[in-house]
Structures are given as structure tokens and as C-alpha cells.
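Residue numbers (UniProt numbering), protein chains in the order written: chain A, 1 to 242; chain B, 1 to 541.
Worksheet: one structure, shown below.
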Amino acid sequence: MLKLHYNLEKVSMGLVAAIIVAASIGGIVEIAPLFTIDKTVEIPEDLRSYTPLELAGREIYIREGCYACHSQMVRSLADELDRYGPYSLAAESAYDHPMLWGSKRTGPDLARLGGKYSDEWHVAHLIDPRSVVPASIMPSYPWLTRTLDTDLLSDALATLARLGVPYDEDMIAAAEADALAQSHPDSDAVDGFLERYGERPATRVFDGDPSRLTEIDALVAYLQSLGTLTDAPYRTLAEDIQ
Amino acid sequence: MTETLSISERRIGVVLSVLLALTGLVMAAAARHGVMSTHGFMALGLGIGLAFLLAGALHDPEPPTDRLRRYYDAPTRFGIVMTLIWAIIGMGIGVWVAALLYWPEATPPWPATSFGRLRPVHTTGIIFGFGGNALVATSFHVLQRTSRARLADSVSPWVVLIGYNLFCAWAVTGYLMGSTQSKEYAEAEWYADLWLVVIWVTYFALYIRTLARRNEPHIYVANWYYLAFILVVAMLHIVNNLALPVRWTAAESFPVWSGVQDAMVQWWYGHNAVAFFLTAGFLGMLYYFLPVRSGRPIWSYRLSIVSFWGITFFYIWVGSHHLHYTALPYWAQTLGMTFSVMLLVPSWASAGNAIATLNGAWHKVRDDATLRFMFVAAVFYGLSTFEGSFLAIRPVNSLSHYTDWTVGHVHSGTLGWVAMIVFGAIYTLVPQLNGKTEMASLRAVEWHFWLAVTGTLVYVVSMWNAGITQGLMWRAYDENGALSYSFVQSVEAMAPYYLLRTIGGGLFLTGAAICAWNCRATMRGAAGHAADRPLAVQPAE
Ligand code: HEM
Ligand code: HEM
């Protein structure tokens with residue numbers, strides 16, 4: 001062996017090839033099978049994709065680096081089930097490009113956040129966290145009240161559709177209008193939105209101000225959608241208990 | 001820079017600078033607004049600046065004709081300056097974000113200075129800016145000395161260093177403006193990622209071409225590590241960053257991976273960024289500078305072979321230990337855990353080999369703060385790999401994951417190991433490259449050493465306490481079977497530790513600032529060329 005290595009050390013491309021081989025095996029063994037689990041782990045029938053407004057909110061969540069302090073992955077541990085809710089399933093994030101499971105909980109997990117607080121609470125909390133949670137160390141986000149830029153939304157949906165997220169052509173074409181419609185439940189455009197996305201996504205004036213579509217509208221819509229895209233985790237947990 | 005290039009090389013430089021400026025112009029014009037256009041203007045400005053610098057020197061005299069018979073050290077010197085600049089930026093922001101966690105009201109009301117945007121500026125600035133520049137700069141030095149050959153050409157080292165720093169600058173300014181992929185340690189957007197691929201290929205080509213000209217039959221072990229660093233980082237970077245831009249004229253993109261696949265790819269990347277960026281490259285540094293400074297050959301050649309291949313082979317498997325108890329399939333978690341524990345063997349073999357090398361030179365360790373930096377680095381390398389293997393065990397991870405224990409582990413590795421070995425290498429190199437025998441102030445080196453050690457200990461110990469407290473509070477139940485603490489109670493319990501961590505970080509930063517000042521004083525009035533002879537490579541036993 002030592003002799004072999006003695007000779008390998010004299011051939012730079014040999015060393016290069018050996019490094020590549022040694023460093024590839026583990027990755028191939030662990031990653032390759034995950035591409036077949038698409039077929040083995042079924043995507044629940046009720047799994048919906050984000051609406052354009054929620055997607056815009058998700059992009060703001062990413063932009064501001066919320067994921068640096070909040071995870072979105074409830075582990076299968078008793079205290080986490082009690083604190084947050086049913087543990088997360090792989091299928092839940094099947095449409096998440098990228099996933100936002102996170103690695104640090106400076107703040108609590110957000111995987112089951114949807115519906116836990118009111119929209120007003122979220123708006124107040126984002127503008128000044130300590131106004132609602134006095135001991136919080138979360139930063140304030142006063143600039144989120146600015147108008148939402150919806151320019152890229154259609155292209156964003158189209159890109160995701162190419163990656164396999166079920167957005168059809170109508171959805172792509174109407175993305176901007178749908179973002180507006182979701183936060184204007186009284187407008188006429190809401191019919192088209194309901195037709196495309198169904199009754200499940202919340203249609204409300206998220207920030208309480210119908211005159212403008214703001215970043216905070218989008219972010220709150222996204223936060224309220226967390227954990228509500230499918231009921232599968234609740235069903236799985238119920239089966240586990242039986 | 002210019003005086004070390006021949007006139008024809010300066011001409012090539014002008015052409016490349018103009019190409020860079022044109023690329024920048026196209027980006028700025030096509031994107032028209034937003035982050036990508038700002039980045040286009042940055043490249044345009046840099047390209048024009050370099051073109052003027054080089055064109056202005058076209059009529060200056062040729063460099064001395066015997067230059068090809070000497071090592072080419074100007075790029076290394078530039079790389080060290082960039083290392084120090086990024087050290088101050090990265091650690092300065094580290095201290096600032098540490099302070100924000102204790103005192104969040106101090107956040108100014110601007111988007112760019114919010115914690116979530118600054119944190120990746122800290123991680124990218126310190127890992128890629130500080131660590132990366134140190135790796136590239138020292139690799140050029142080590143490669144030439146151990147090969148007894150000059151770098152294969154004089155233009156590409158500059159392409160690598162300047163291009164790499166443009167990548168770092170694009171990345172961190174992007175986050176400030178809200179442009180990020182959100183993938184930890186790979187936050188930079190798609191065009192910056194593509195740019196890095198170009199730079200990396202140039203780097204690899206330069207490395208291999210220089211190795212091909214070596215006058216030593218054997219490739220010294222330090223170069224194996226640098227090669228592994230270059231090759232595997234390329235592989236990781238490309239696979240993890242595969243993304244589809246929303247528009248070719250916009251910075252936004254979506255990664256091709258989603259959900260559980262994305263998680264596995266991300267942590268395959270993430271942990272191997274630790275392995276091949278923060279470990280392999282720095283082991284290369286250790287394997288060269290420790291023997292040089294202590295004047296003793298590496299203790300065991302055999303052990304260095306075992307640990308090199310052990311590290312290269314085992315590390316790739318361990319990424320899934322970041323995903324214990326998550327929706328990742330159980331078998332993948334188990335593989336990650338098993339290989340993490342096995343990884344302790346080659347890791348301790350490396351640390352042990354380094355420490356055994358010092359046997360017989362302990363008086364030097366006592367007297368020479370530079371060598372002490374390297375010794376402490378080896379010790380912390382041993383400690384943090386032990387801690388890492390321990391944290392990778394599933395039940396331990398159930399407590400530590402998501403808590404500040406991870407952050408404590410990270411900084412025991414990065415402050416105690418990575419930064420210490422970099423400082424040891426810098427204190428060895430800077431006098432040598434500037435024709436001096438020692439740093440301008442040895443007392444300053446001594447002060448830096450103690451500040452760094454104290455800072456690291458304060459940081460790491462406070463984060464251990466913080467993390468374990470957090471983990472225990474989250475899982476505590478009262479006698480009625482209800483959770484004892486609300487989440488925010490665990491946040492309140494962190495305050496004293498976050499304050500201590502900020503102080504520890506402040507000490508560490510002060511040390512780094514002293515180092516920067518001392519290097520500046522040493523580099524000033526540099527007396528010509530490196531006064532070294534090539535290190536005789538130890539042939540196999
Ligand atoms: C002055 C010294 C430093 C200070 C005060 C500091 C402070 C911090 C803080 C406050 C965080 C965020 C932790 C959190 O979100 O809870 C952090 C994260 C991080 N720092 Fe540092 N840091 C320092 C030096 C370094 C160095 C030298 C490196 C690498 C070479 C480094 C690498 C990292 C990494 C990788 C993370 C992310 C950890 C994770 O995601 O778990 N830091 N640092
Ligand atoms: C045998 C070697 C090592 C093993 C097995 C190991 C294992 C681990 C484990 C289990 C985690 C926690 C994952 C989690 O719960 O999220 C972790 C995190 C981390 N380790 Fe290590 N570690 C090792 C060495 C090192 C060294 C030497 C460094 C630095 C130079 C380092 C840097 C990091 C970083 C940056 C993270 C944080 C990643 C993140 O969450 O963002 N590790 N490591």
C-alpha cells in the first residue's frame with residue numbers, strides 16, 4: 001500500500017483522479033436514492049402550491065434572512081410535538097425551492113405557524129416585535145410597509161413550473177393580478193383567483209390597509225400559509241397514535 | 001503588482017481588464033436596475049481601474065531578467081493583505097451581530113443593517129473572504145516552495161486573487177441589498193456562482209501546471225490537501241448551486257433542488273464546505289508551516305497518508321448529521337452518524353501527527369508565540385473534531401441541534417483552529433516575504449496570542465452554556481406533563497451568554513486588529529525578496 005502511494009505521489013493527475021473518486025462515493029450513495037423517493041414518498045393529494053402573494057412573501061422571508069433564526073422543521077421528538085405540532089413530513093416541502101428547514105432556533109420553529117396568530121398580531125410584531133413580545137430579541141422591520149414589487153411574479157411562477165411545481169399557464173399569466181386579488185377579497189378579480197387556487201388560501205386584507213399592496217401583506221400571507229398546505233402531517237400523526 | 005510583470009504580461013492584463021469591464025457593462029446595461037446592475041457597475045469600475053493601472057505601466061521598464069529564477073511572491077503578499085482586510089470586516093460584523101442579539105434595539109432602521117442580512121455577510125466575509133484569501137495566498141507559497149518551481153505564469157495568480165475577491169464583494173454587497181439564495185454558505189446568486197467557477201478553473205489549472213514543473217519527484221503532503229480543497233470545493237459548489245434564474249437579467253433564481261433533496265444536497269455541501277474549505281486547506285497550511293516554523297519534519301509520513309485519505313473519503317458521507325430527526329430518511333441519517341464517528345480517527349491522526357511533530361521543540365513553543373498559534377490550532381482542531389463527532393450522535397444531536405451549542409462548536413473550530421493556523425502562517429510568512437527576520441513587534445504577536453486564546457475560550461464556553469441551557473429548557477416538562485418553559489423564557493435565559501460572547505468576540509477582534517497593524521509595520525519598507533531556500537521535501541521513509 002505504502003509503495004503504491006509512494007508512486008501515486010509522483011503523478012499529479014493520478015492524485016487528482018484518486019481524490020475525485022474518494023470524495024464522490026459518499027455523496028452518490030446518499031443523494032442518488034433521494035431522487036427516486038419522489039415515487040416512493042407520495043405527494044399528498046391535498047398538497048397545494050403557494051399562491052403568487054404567498055410566494056412573494058416567501059421571497060421576502062428569504063431576502064430578510066428570517067431563516068437564519070427560525071427553522072421550519074419540527075423534528076419527531078416529544079417536546080417538539082407538544083410545543084409546535086405534528087412533526088414535518090418530506091412531502092410538505094416538495095414544492096419548496098429552496099427548502100427553508102433552517103439550522104438555528106434563535107426564535108421558535110415556524111413550520112406550524114399558519115393560523116396561530118391574527119394578521120394584526122403579525123403586522124404589529126413585524127413592525128416592532130417588542131410591542132407584542134416584550135422580551136423578544138427579533139429585529140424590527142419597519143420598511144416592510146413599502147409597496148410590493150410584483151414585476152417578477154409571472155416569471156417566478158413560470159420558472160417554478162419548469163422545475164415541476166404545478167403552476168399552469170393561467171396561473172402564470174395572472175400572477176400579478178392574483179397577488180392583488182388575494183389581498184382584496186371585495187374586488188371582482190377575486191373570482192379568477194378562487195377559480196385558480198380554490199377556497200383554501202386565505203383571501204384577506206392582510207395588513208388592514210386595502211389601498212396598497214405592501215410587502216407586509218405578502219409576508220403575512222406567507223406566514224399564515226405555513227403548515228396549512230396539506231393536512232398530511234395531522235393524518236400521519238393520528239395514524240402513529242393508533 | 002505591475003513592476004513584477006513583463007510588458008507583454010501587462011498587455012495581456014490590459015486585455016483581461018477590458019474584458020472584465022465589458023462584462024460589467026453588459027450586466028449593468030442588461031439588468032438596468034437592482035442588485036445585478038450594481039454588481040455590473042462594480043465589475044466595470046474594477047475593470048477600468050485595472051486597465052488604467054496596467055496600461056499606465058506599459059512604458060515602465062521590464063522587470064529584472066532573473067525574475068524567473070525566483071519565486072513569485074507578489075500575489076501571496078496581496079493575498080495576505082486581503083486576508084487581513086476581510087478579517088477585520090468579517091470579525092467586526094461578527095462582533096456587531098453578536099451585540100445585536102444582546103441589544104436588538106441597537107439595530108438601525110435600514111434594511112441593509114438588519115441581523116438577517118448581516119449574518120451571511122459575517123459568514124461569507126469570514127469564511128470566503130478571510131479564510132479563502134488565506135488559503136489561496138498560502139497555497140501559492142507552499143506550492144512553489146515544495147515544488148521548487150516558480151508559479152507557471154504571472155498573470156493567472158492575479159486573475160485568481162482579484163476575481164475571487166470580486167466574488168466575495170459581490171456576495172456580501174448582494175446580501176446587504178437583499179439578494180440571496182438562502183442556502184447556508186452558498187448564499188451568493190447565480191451569476192456570482194458562475195463567476196466563481198471560472199476563477200476556480202483558472203486556479204486549478206495554475207496549480208496543476210505548476211506541479212507539472214516541479215523539481216521534486218514527490219508531491220508534498222500539504223499539496224494533497226490543497227488539491228483536495230480545490231477539487232472537492234468545485235464539485236460541491238457546482239452541484240449545490242444549480243439554479244434556474246427567473247430572468248437572465250435579474251439576480252433572482254430558484255434552486256433546481258426542492259424539499260428533502262435540497263436539504264440533503266445543501267448539507268452535503270454545507271458540511272463538506274467545513275471539510276474541504278475549513279479543514280482540508282488549512283491542514284495543508286498546518287502540514288507546511290508547522291514543520292517549517294518548528295524546524296522539525298512531520299512526525300509520521302505513514303500517518304499523514306492514512307489521515308489524508310480517511311478525511312477525503314469519510315467526510316463526504318457525514319452531511320446528513322445536520323438532519324437528524326427531520327424528514328430525511330432514517331437510513332441516510334444513520335449513515336451520516338456512523339461516518340461522523342469514524343471520522344474521528346483520521347481527524348485525531350492529523351491532530352496527533354501535528355502535536356507529535358512538536359515533540360523535542362517544546363522550548364520553541366514556549367518562547368515563540370507564532371509556533372504557539374499553530375500548536376493551539378492543532379489542539380482546537382482535535383477538540384472541535386471530537387465535539388463534532390459527539391454532536392453527530394443522534395440522541396446528543398436531539399439536544400444540541402438548533403441551539404447555540406452548534407454555534408459554540410462552529411467557533412471552537414473556526415476561531416480556535418482556522419483563525420489560529422492562519423495567524424501562525426501569517427506571522428511566519430510576512431517577515432519572510434519582506435526580507436525581514438521577524439515581525440515588527442514581537443510583543444504585539446504575544447499580545448495577539450493571549451487575546452485570541454482568551455477570546456476563543458470566552459466565546460466557546462459561553463456558547464456551550466447557552467446551548468445546553470436552551471436544549472434542556474426546550475425539553476423540560478413539569479410534574480403535570482406540560483412543557484415547563486415558553487420559548488421566550490429560553491430567549492431571556494440567553495442574555496448573559498450573548499453578552500459574554502460579544503466580549504469574547506471583541507477580544508478576538510482586537511487581536512486581529514493588532515495583527516493587521518503589525519503586518520503593516522512589517523511590510524513597510526520591505527527589503528526585497530524572500531530570503532528563503534526551498535524547503536527540502538521529506539521523501540518517503
Ligand atoms: C470576532 C470573532 C467572531 C464573532 C464575534 C462571531 C460571531 C458570530 C455570531 C454572532 C454568529 C451568529 C450566531 C447565531 O446566529 O446565533 C456567528 C455565526 C457564524 N460564524 Fe462567527 N464570529 C466570529 C468569528 C468567526 C470566524 C473566524 C469564522 C470562520 C472562519 C466564523 C464562522 C461562523 C459561521 C460558520 C457561523 C454560522 C454558524 C451556524 O450557522 O451554525 N466566525 N458568528
Ligand atoms: C470530525 C469532525 C467534525 C464532525 C463530525 C462535526 C460534526 C458536526 C455536527 C454534528 C454539527 C451540528 C449539526 C446540527 O446539529 O445542525 C456540526 C456543525 C458545524 N460544524 Fe462541525 N464537525 C466536525 C468538525 C468541524 C470543524 C473542524 C469545523 C470548523 C472548522 C466545523 C464547523 C462546523 C460548522 C460551521 C457547523 C454549523 C453548520 C450550520 O448549522 O450552519 N466542524 N458539525
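Just so you know, even glycine gets a beta-carbon here, dropped at the ideal spot from N, CA and C.
On a predicted model such as this, the values are computed, not experimentally measured, just so you know.
Ligand 2 has no heavy atom closer than 8 Å to the beta-carbon of Glu30 of chain A. The C-beta distance from Ser258 of chain B to Asp96 of chain A rounds to 5 Å, short enough to meet the 8 Å contact threshold. Separation of Leu229 of chain A and Glu387 of chain B (C-alpha to C-alpha, rounded to the nearest whole angstrom) is 38 Å. Just measuring C-alpha positions, the residue of A:Asp170, A:Ala111, A:Ile31 and A:Trp101 sitting nearest Tyr234 of chain A is A:Ala111.
Beta-bridge partners assigned by DSSP to Lys104 of chain A: B:Tyr402.
Between the alpha carbons of Thr334 of chain B and Leu77 of chain A lies a distance of about 17 Å. Residues of the stretch 219-230 of chain B with a C-beta less than 7 Å from any C-beta of chain A: Ile219, Trp224, Leu227 and Ala228, listed in chain order. Going by beta carbons, Phe508 of chain B and Met82 of chain B fall outside the 9 Å limit. In the structure shown, Leu244 of chain B adopts extended strand secondary structure according to DSSP, grouped into three states.
Within the stretch 5-20 of chain A, those residues whose Cβ lies closer than 7 Å to any Cβ of chain B are, in chain order, His5, Tyr6, Glu9, Lys10, Ser12, Leu15, Val16, Ile19 and Ile20. Look at Ala22 of chain A: its C-beta is under 9 Å from a C-beta on chain B.
Contact between Ser486 of chain B and Glu30 of chain A fails: their C-beta atoms lie close to 37 Å from each other, not under 8 Å. In the DSSP annotation of this structure, the continuous segment of the alpha helix (DSSP H) that includes Phe375 of chain B starts and ends at Ala369 to Leu391. Listed by position along chain A, the residues whose Cβ is nearer than 8 Å to that of Phe115 of chain B are Gly65, Ala68, Cys69 and Pro139. Going by C-alpha positions, His237 of chain B is about 10 Å away from Gly270 of chain B.
Counting along the chain, the unbroken beta strand (DSSP E) around Ser253 of chain B starts and ends at Ser253 to Pro255. For the pair Gly34 of chain B and Gly24 of chain B, the CB atoms are not nearer than the 9 Å cut-off.
Judged by the Cβ position, Ala327 of chain B fails to qualify as a neighbour of ligand 2 at the 8 Å threshold, every heavy atom of the ligand being at least this far.
In this structure, the beta-carbon distance from Gly416 of chain B to Leu383 of chain B falls below 9 Å. Neighbours of Trp309 of chain B in chain A, taken as residues at a C-beta separation under 7 Å, are given in chain order as Ala22.
For Met138 of chain A, the shortest C-beta to heavy atom distance toward ligand 1 is 8 Å or greater. Apart from the 5 residues on each side of it in sequence, Ala351 of chain B sits with its Cβ closer than 8 Å to the Cβ of Ala378, Val379, Tyr381, Gly382 and Thr385 in its chain, given in chain order.
At a threshold of 8 Å, Lys104 of chain A counts as near ligand 1, since its beta carbon sits closer than that to one of the ligand's heavy atoms. The three-state secondary structure of Thr147 of chain A, taken from DSSP, is strand. At a cut-off of 9 Å between C-beta atoms, Glu479 of chain B does not count as an interface residue with respect to chain A. Only those residues of the stretch 111-136 of chain B whose C-beta falls short of 7 Å from the nearest C-beta of chain A are listed: Pro111, Ser114, Phe115, Gly116, Arg117, Arg119 and Pro120. Chain A has a Cβ within less than 9 Å of the Cβ of Gln266 of chain B. In this structure, the alpha-carbon of Phe449 of chain B lies about 21 Å from that of Ile93 of chain B.
DSSP places Lys3 of chain A inside the alpha helix (DSSP H), whose first and last residues are Leu2 to Leu8. Taking 8 Å as the cut-off, one finds at least one heavy atom of ligand 2 near enough to the beta carbon of Thr385 of chain B.
Asp478 of chain B is classed as exposed because its beta carbon has fewer than 16 other beta carbons within 10 Å across all chains shown. Comparing C-alpha distances from Arg296 of chain B to each of B:Gly178, B:Leu211 and B:Gly360 shows the shortest one belongs to B:Gly360.
Taken atom to atom, the span from the alpha-carbon of Arg213 of chain B to that of Leu19 of chain B is near 29 Å. With contacts defined by Cβ atoms closer than 9 Å, Tyr71 of chain B and Thr123 of chain B do not form a contacting pair. Secondary structure of Leu68 of chain B (DSSP, three-state): helix. His125 of chain A sits away from Phe206 of chain A, with the two beta carbons spaced by 9 Å or more.
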